[in-house]
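Quick notes on the structure that follows.
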Amino acid sequence: MSRHRSRSYRITYAPPADDTLAKMGDADQFRAAMERTLGRDPYGHGSASVDQERDRREATVGGAIVLYYVSGSVLTVTVVRLVPFG
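Following this line, the structure appears as structure tokens:
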């Protein structure tokens, strides 16, 4: 288990990810899944670091591949790319 589990992270979406989210038919369900998973433990839930950078991560959440950055100092997860399945 990650040592960050007890914290709650704010989730923000960079413009490209926000544009994709706006086009998703299940955007509210996706946001809720993000809050339940990466919002509670951005280093867990099957996520993996990208290019050996601990805070640059990739995970699959709510039917989409999510590329994001974690900022522990301000407890924020910033989604930079979102690729829905199908």
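Numbering (this note's numbering), first residue to last: 730 to 815. Every residue gets a Cβ at the ideal spot worked out from N, C-alpha and C, and that includes glycine.
Residue 744 and residue 811 have their C-alpha atoms roughly 11 angstroms apart. Taking residue 815 as the centre and dropping the five residues before and after it, the same chain places the C-beta of 792 closer than 8 angstroms to its C-beta, in chain order. Taken through DSSP and simplified to helix, strand or coil, residue 766 comes out as coil.
DSSP places residue 757 within a helical segment (H, G or I) once states are collapsed to three. According to the DSSP secondary-structure assignment, residue 798 is paired through a beta bridge with 785, 807. The Cβ atoms of residue 760 and residue 806 do not sit closer than 9 angstroms to each other.
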